[in-house]
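Asks: My numbering numbers the first residue of the sequence shown as 639 and each following residue consecutively. Built from N, CA and C at the ideal position, the CB exists for glycine as well. This one's a predicted model, so the numbers in the text were calculated from it and none came from an experiment. One structure, as structure tokens, below. Some questions next.
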Amino acid sequence: MPGTCVIGLQWGDEAKGKLVDLLAPQFDLVVRYQGGANAGHTVVAGNETYKLHHIPSGILHSQVQNLITPGVVINPSTMIDELDALEKRGIACGSNLRISERAHLVMPWHIVEDRLLNKQHVGNESIGTTLRGIGPCYRDKVGRTHAIRVADLVNGGRDERIRAVAEQKIAILRGLGGSDEELAQLEPSVVAERAAAWAERLRPMIGDTTYLLLDAAEANQQILYEGAQGALLDIDHGTYPFVTSSNSSGVGVCAGAGVPPRWIDEVIGVCKAYSTRVGGGPFPTELEDATGERIRKLGNEYGTTTGRPRRCGWFDAVAVRYTARLSGVTRLALMMMDVLSHLDEIKVCVAYDLDGERIEQLPTHVDALRRCRPIYETIPGWNEPVDDARRVDEFPAGAIDYVRRIEALVGVPVGILSVGPDRAQTIFVDSPVAEAPLR
Ligand code: IMP
């Protein structure tokens, strides 16, 4: 069966890029289907570190066809920088990368709008977006009137369309408090000139991805769908309003990629052995103490896209059980196990206390989630490093117990364990060597 998805089960940054890069050689196509330059996927290959924002992680493998499908929002300028950076390092992007004409463009006014709106609070907290114009671009996509699609970039009427939208955007953003300086960058002639350069550079890669994907699925080709962000940031099913503007859980794959559910048969749910979150919003297991700081330091928990320190906390099994079910996860990839070594004890949140009542479901309303106090189970830590382990039977007993407990609490078997950033630091539990200790 042809379709495998890689979905983040927490609030993003679960090291999905590493996994996709590792799995990519087994696939004919790698598909990026939602989000945009708010995503930052770090891939370490040999001595090289690649930071990708739009381009699927499969680009590092020359035989893989990479698709950016209709659900993605593309910042053309960032995309071109990414292409240039890859090419400088000898990684050619040409016919191995196809960008859907149906995808939408993050225009310069979206960035300004994101900045202006992000200063405003929802309740008493800012959403703390990545300031990449993601929300405003998706809003225009749904609103239609001001949207600009990739197809518009290479179409005859481009300049007229851009000019008309730019004029309206300047008026709207002035009303929102935009400064003369930032609005000057949105002048129709300025944006039209930039758009001409974007079109020239991106034209060879622009085309229809939908037929290509359907043809590939129907021909039984192996397709990997690369999710961005994490399921708790899903616009419909996440910790709204502190979410991103796309369907980042497993339910978003079909709509974003343009593929029917019948062609998807495996969903790998990626989560860290602990939790992190960037930006605002409730985070019941957050640690604002030395342990949280230690996790941040050892896990290098700073945003790939924004450099912001990530909030760190214990593994939240209530949240991950929810997102694993919602995403139809068939096996878990448990990442960053190495970061938890040498702790005396490790806590896992197994339920919440909400106003004195024990609950095991993620509450819908953000205010209720804020009032949730984690109910922890304490598991003894392990005092040996795991970063050199290449098989599960090389894990200390404590680490094996921890993995088993996560499997039981989430209700899905762990198929992959990661013990460091390098490709080699990955253990496939389903392989015959590693199978025994966990099952
Ligand atoms: P936006 O996607 O830039 O609108 O940001 C909305 C929320 O999602 C903010 O809390 C961001 O920090 C978070 N977010 C967006 N993209 C990512 C990501 O790739 N990793 C982690 N958090 C993200």
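1) Along the beta strand (DSSP E) that carries N704, what are the first and last residues, could you check?
2) In chain order, what residues of the same chain have a beta carbon less than 6 Å from the beta carbon of L970, not counting five sequence neighbours either side?
3) Using three-state DSSP, classify M632 as helix, strand or coil.
4) Look up K910 in the DSSP assignment and give the residues it is bridged to.
5) Quick one: what's S1166 bridged to in DSSP?
6) With a threshold of 8 Å (Cβ to nearest heavy atom), would D752 be considered close to ligand 1?
7) Using the rule of at least 16 other Cβ atoms within 10 Å of the residue's Cβ for burial, across every protein chain shown, is T847 buried or exposed?
8) Which runs of the alpha helix (DSSP H) spanning at least 4 residues fall entirely within the stretch 806-892, listed in chain order?
9) Measure how close the beta-carbons of L754 and G815 come, nearest whole angstrom, since I'm counting them as under 8 Å.
10) Three or more C-beta pairs under 8 Å: does that hold for the stretch 970-981 against the stretch 902-921?
11) Exposed or buried, what is Q648 when buried is set at 16 or more other beta-carbons lying within 10 Å of its beta-carbon?
12) Going by Cα to Cα distance, which pick from D954, G794 and V780 is closest to P1012?
13) In angstroms, rounded to a whole number, what distance separates the CA positions of Y878 and N885?
14) Can you tell me where the alpha helix (DSSP H) holding I1038 begins and where it ends?
15) Mind the definition here: the stretch 958-967 touches the stretch 915-931 only if three or more C-beta pairs lie below 8 Å; say whether that holds.
16) Grab me the residues of I718's own chain with a C-beta within less than 6 Å of its C-beta, minus the 5 sequence neighbours each way, in chain order.
17) Heavy atom of ligand 1 less than 8 Å from the Cβ of S965, yes or no?
18) Does the Cβ-Cβ distance between L964 and I1054 come in under 9 Å?
19) For a test of your reading of the model: does the CB of D651 fall under 8 Å from any non-hydrogen atom of ligand 1? Yes or no.
20) Thinking C-alpha only, which one of A822, Q758, V916 and V905 is nearest C892?
21) Identify every run of the beta strand (DSSP E) within the stretch 973-1030, keeping only runs that are complete inside it and at least 3 residues long; order them along the chain.
22) Report back the beta-carbon spacing between Q867 and G641 to the nearest angstrom; my notes put them in contact at under 8 Å.
23) Less than 9 Å between the beta carbons of V1057 and A1027, yes or no?
24) What do you reckon, are the CB atoms on V658 and P708 nearer than 9 Å?
25) Check whether the stretch 765-778 touches the stretch 673-690, taking contact to mean three or more Cβ pairs, one atom from each stretch, closer than 8 Å.
26) I need the boundaries of the beta strand (DSSP E) containing R949, first residue and last residue.
27) Any beta carbon from chain B within less than 9 Å of V1041's own beta carbon?
28) Buried or exposed: where does V780 fall if 16 or more other Cβ atoms within 10 Å of its Cβ makes it buried?
29) Any heavy atom of ligand 1 closer than 8 Å to the beta-carbon of R770?
30) Pick helix, strand or coil for V1057, following the three-state DSSP scheme.
31) Is DSSP giving T944 helix, strand or coil here?
32) Under the rule that 16 or more other beta-carbon atoms within 10 Å means buried, what is S817, buried or exposed?
33) Would R670 pass as a contact of E864 if the rule is Cβ separation under 9 Å?
34) If you measure from the CB of F672, is any heavy atom of ligand 1 nearer than 8 Å?
Replies: Reading it off the structure:
1) Q703 to I706 is the extent of the beta strand (DSSP E) around N704.
2) These residues qualify, in order along the chain: G907, V1050 and V1052.
3) Outside the modelled stretch of the chain, which goes from 639 to 1077, sits residue 632, for which no answer is possible.
4) K910 pairs with M973.
5) Only positions 639 to 1077 of the chain appear in this structure, which leaves residue 1166 out of reach.
6) Yes, Cβ of D752 sits closer than 8 Å to a heavy atom of ligand 1.
7) That one is buried.
8) Entirely contained in the stretch 806-892, the alpha helix (DSSP H) runs reaching 4 residues are, in chain order, 818-822, 826-840 and 848-856.
9) Rounded, the Cβ-Cβ distance is 6 Å, consistent with contact.
10) Because the criterion of three Cβ pairs below 8 Å is met, the stretch 970-981 and the stretch 902-921 touch.
11) By the neighbour-count criterion, in which 16 or more other beta carbons inside 10 Å mark a residue as buried, Q648 falls on the buried side.
12) It is D954 whose Cα lies nearest to the Cα of P1012.
13) N885 has its alpha-carbon roughly 12 Å from the corresponding atom of Y878.
14) Residues A1035 to V1048.
15) The stretch 958-967, when compared against the stretch 915-931, does not touch it at the 8 Å Cβ threshold.
16) These residues qualify, in order along the chain: R839.
17) Relative to the non-hydrogen atoms of ligand 1, the Cβ of S965 never comes closer than 8 Å to any of them.
18) No, Cβ-Cβ distance for L964 and I1054 is not below 9 Å.
19) Checking the Cβ of D651 against ligand 1 gives yes.
20) Comparing Cα positions, the closest option is V905.
21) For the stretch 973-1030, the full-length beta strand (DSSP E) segments reaching 3 residues or more read 983-992, 995-997 and 1011-1018 along the chain.
22) Between G641 and Q867 the Cβ distance is about 20 Å, and since that is not below 8 Å, they are no contact.
23) The answer is yes: Cβ separation under 9 Å.
24) If you check the CB distance, V658 and P708 do not come in under 9 Å.
25) Result yes; three or more Cβ-Cβ pairs closer than 8 Å.
26) Counting along the chain, the beta strand (DSSP E) containing R949 begins and ends at R949 to G951.
27) Going by chain labels, chain B is absent from the structure shown, which holds only one protein chain.
28) Around the C-beta of V780, fewer than 16 other C-beta atoms lie within 10 Å, and the residue is accordingly described as exposed.
29) For ligand 1, at least one heavy atom lies less than 8 Å from the Cβ of R770.
30) Coil.
31) The answer is coil: DSSP assigns T944 none of H, G, I, E or B.
32) Classification for S817: exposed.
33) Cβ distance < 9 Å, so R670 and E864 count as in contact.
34) A quick correction: the sequence has Gln, not Phe, at residue 672. Taking 8 Å as the cut-off, one finds no heavy atom of ligand 1 near enough to the beta carbon of Q672.
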